[in-house]
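Peer 1: In UniProt numbering, the protein residues as written are 1 to 558. Ideal placement from N, C-alpha and C gives every residue a C-beta, glycine not left out. Please read all numbers here as calculations on a predicted model, not as lab measurements.
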């Protein structure tokens, strides 16, 4: 770029200099003291879409009236008044033109060099968009959200302007990807982004956090920030009541929303998002399609869960799990077998019930290792029983988690354990829940048939407490129904428990399945289930769950 000229008069009078100004890449304007345009080169004509013959001698601000009092106007006056060069970038709206400008004052007036930088600005804008905006939805991305949330936290702590973060997760989003394809899933995310944007205030930030997760940053919520945040979250939730139109088909989707409020108290971006995330998972646990406001108890529960998970992993490596066995008795008082029940011998907590750790084991997939260990231990005992005439005919029942059963290699694992232990398959009974049986019925039948072919039998555990379907009962290779303890405990109470037991018993007889009553605790309950045709029972009336050595002693006494 050419430097400033010593004299405007010389620039106008010197033919050689004029030729130079015409040849350079910059656009050039030379102004007199009265802001009159004294010179314009060809590049200035092309860039401004003006003809020099029409503007020479005219006042600059008459030619560009829209610039008066704008950045150009102030910068040029500053240069003249302070006799100091100025440089800046400015967007000229009438031509949608970004220019880089340098203005040099002299005794004769002002010389202005400018060039088109629209291409560079477009590239910078694209780089900024890619860095801070989600490509699919056009919403702010995680990085931009974090920046804005940090700014909002500072305003809240210094200026007492509370806000909130709404963590939003689509319920069962995976189903649309699995059933209709990822392109339809992407369409849904775009429609969700638009709907979220419409549901909040113009001052709020809707960001795509990742996958099917979105975060809404609410600022300036006022004194009752929690109530305001919940009201907005509820509005967002209600916006999902209308179906989404995807390629001509209607798709209904719901969402779970966690709300974390922030204000004057010191906190961090990570902490706010963590709280909102915890609240969202609480909404999921409450049944989805709802709003949950963070409270400190959630953090305590999550910390306790994390501690329990850590201790469980240590317990798996440290042989802290043991089996107890609930004897299965026939209604004539003979021991027919036992059900293997896992217990946790915690070094500090003592004996921990499976109700406290099995759900977590299923969530973390530790149930796969636990389940195989239970099956292996139970089959080892079953193999030992086969060597004793007193126990050779006893059966071993083992509960199977849905997570275990639906693994592709479940059948192979069972067959491997039977081979390793030498246990007799015809003495092994696997107990399955109704919910397990109803998922992917065809695959379930194939797995059960393969194991039944070698002698393994199956029972439905806690029958009647889930979604009982006659269609699956007559198709699946089941040999036993276990009547849930809640119906046994309810017998004699206005007839409800007894009526259900009678119906289940009649169903079992019709389908040629044996019946086992759980939770028998009184002689009256035993007499009732025996009269209804139950061949087997288990419960405290006969025996509580026992460690192996006590079970062996009980069998010997029997």
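Quick check: the Cα distance between residue 15 and residue 84, rounded to an integer number of angstroms?
Peer 2: Between residue 15 and residue 84, the C-alpha separation is close to 28 Å.
Peer 1: The alpha helix (DSSP H) that contains residue 479, what's its start and end?
Peer 2: No alpha helix (DSSP H) holds residue 479; DSSP gives it neither H nor E.
Peer 1: My understanding is that residue 24 touches residue 31, with C-beta atoms under 8 Å, so please give their C-beta distance in whole angstroms.
Peer 2: At roughly 18 Å, the Cβ-Cβ gap does not stay under 8 Å, so residue 24 and residue 31 are not in contact.
Peer 1: Under 8 Å, with one C-beta from each stretch per pair, do the region 225-233 and the region 176-183 reach the 3-pair mark?
Peer 2: At 8 Å Cβ cutoff, the stretches do not touch.
Peer 1: DSSP on residue 392, reduced to helix/strand/coil?
Peer 2: DSSP places residue 392 in coil when its eight states are reduced to three.
Peer 1: I need the boundaries of the alpha helix (DSSP H) containing residue 240, first residue and last residue.
Peer 2: Element bounds for residue 240: n/a, residue is neither H nor E.
Peer 1: What does the alpha-carbon distance come out to for the pair residue 584 and residue 437?
Peer 2: This structure leaves residue 584 out entirely; the chain is present only between 1 and 558.
Peer 1: With a floor of 3 residues, list each beta strand (DSSP E) that falls wholly inside the region 307-368, ordered by position along the chain.
Peer 2: Listed in chain order, they are 321-330, 335-346, 350-352.
Peer 1: Tell me whether the region 356-367 and the region 326-333 touch, counting them as touching only if at least three CB pairs, one residue from each stretch, are closer than 8 Å.
Peer 2: Not touching, per the Cβ criterion.
Peer 1: Identify whether residue 223 lies in helix, strand or coil by the three-state DSSP scheme.
Peer 2: Reduced to three states, the DSSP call for residue 223 is coil.
Peer 1: Mind checking which residues open and close the alpha helix (DSSP H) that includes residue 149?
Peer 2: It spans 142-159 - the alpha helix (DSSP H) in which residue 149 sits, taken as one unbroken run.
Peer 1: What distance in whole Å lies between the Cβ atoms of residue 259 and residue 164, which are believed to be in contact at a cut-off of 8 Å?
Peer 2: 6 Å between Cβ atoms; contact.
Peer 1: My output table needs one value for residue 275: the three-state DSSP class, helix, strand or coil.
Peer 2: In the structure shown, residue 275 sits in a helix (DSSP, three-state: H, G or I).
Peer 1: Helix, strand or coil, according to DSSP, for residue 252 in the structure here?
Peer 2: Three-state result, residue 252: coil.
Peer 1: Do residue 487 and residue 447 have their CB atoms nearer than 9 Å?
Peer 2: No, the pair does not count as a contact, with Cβ atoms beyond the cut-off.
Peer 1: Could you tell me the distance, in whole angstroms, from the CA atom of residue 549 to the CA atom of residue 289?
Peer 2: For residue 549 and residue 289, the distance between alpha carbons rounds to 50 Å.
Peer 1: Expressed to the nearest angstrom, what Euclidean distance is found between the alpha-carbon atoms of residue 79 and residue 105?
Peer 2: So the two alpha carbons sit approximately 6 Å from each other.
Peer 1: Just reading off the alpha helix (DSSP H) that residue 549 is part of, what are its end residues?
Peer 2: Residue 549 -> alpha helix (DSSP H) spans 548-557.
Peer 1: In terms of residues, what are the limits of the alpha helix (DSSP H) holding residue 445?
Peer 2: Note, residue 445: alpha helix (DSSP H), 441-452.
Peer 1: Could you name the residues of the same chain whose beta carbon sits closer than 8 Å to that of residue 19, not counting the 5 residues immediately before and after it, in chain order?
Peer 2: Once the five neighbours on either side are set aside, residue 19 has no close Cβ partner at all.
Peer 1: Going by Cα to Cα distance, which pick from 56, 257, 506 is closest to residue 280?
Peer 2: Of 56, 257, 506, the residue nearest in Cα terms is 257.
Peer 1: Are the Cβ atoms of residue 137 and residue 208 separated by less than 9 Å?
Peer 2: Yes, the pair counts as a contact, with Cβ atoms nearer than the cut-off.
Peer 1: Which same chain residues, not among the five before or five after residue 449, have their C-beta less than 7 Å away from its C-beta?
Peer 2: If we look at residue 449 and ignore the five residues flanking it on each side, its Cβ neighbours are 477.
Peer 1: Use the C-beta contact count for residue 277: other C-beta atoms within 10 angstroms, 16 or more gives buried, fewer gives exposed.
Peer 2: Answer is buried; the Cβ neighbour count reaches 16.
Peer 1: Can you tell which of 353, 294, 323 has its C-alpha closest to the C-alpha of residue 308?
Peer 2: Answer by Cα proximity: 353.
Peer 1: Just checking my contact of residue 275 with residue 157 at CB under 8 Å: how many whole Å lie between their CB atoms?
Peer 2: 16 Å between Cβ atoms; not a contact.
Peer 1: Going by DSSP, what residue range makes up the beta strand (DSSP E) through residue 459?
Peer 2: Counting along the chain, the beta strand (DSSP E) containing residue 459 begins and ends at 457-463.
Peer 1: When DSSP labels each residue in this structure, what does residue 269 get in the three-state scheme?
Peer 2: Residue 269 falls in the helix class under three-state DSSP.
Peer 1: Please return the same chain residues whose Cβ sits closer than 8 Å to the Cβ of residue 9, not counting the five positions on each side in sequence.
Peer 2: Reliability fails at residue 9, whose pLDDT of 44 lies under 50, so the model's placement of it is uncertain and the value that follows must be treated cautiously. Answer for residue 9: 108, listed in chain order.
Peer 1: Do you know how far the Cα of residue 202 is from the Cα of residue 160?
Peer 2: When rounded, the distance between both Cα atoms is 21 Å.
Peer 1: Under 9 Å between the Cβ atoms of residue 515 and residue 483?
Peer 2: In contact: residue 515 and residue 483 (Cβ atoms closer than 9 Å).
Peer 1: Taking all protein chains shown into account, do 16 or more other C-beta atoms lie within 10 angstroms of the C-beta of residue 532, making it buried, or fewer, making it exposed?
Peer 2: Burial call: buried.
Peer 1: Pairing CB atoms from the region 418-434 with CB atoms from the region 495-510, are three or more of them under 8 Å?
Peer 2: In short, these stretches do not touch, since the Cβ pair count stays below three.
Peer 1: Can you tell me which residues form a DSSP beta bridge with residue 216?
Peer 2: Bridge partners of residue 216: 166, 206.
Peer 1: Could you check the C-alpha separation between residue 57 and residue 269 for me, to the nearest Å?
Peer 2: One C-alpha to the other measures close to 59 Å.
Peer 1: Rounded to the nearest angstrom, what separates residue 332 and residue 305 at their Cα positions?
Peer 2: Cα-Cα distance, rounded: 44 Å.
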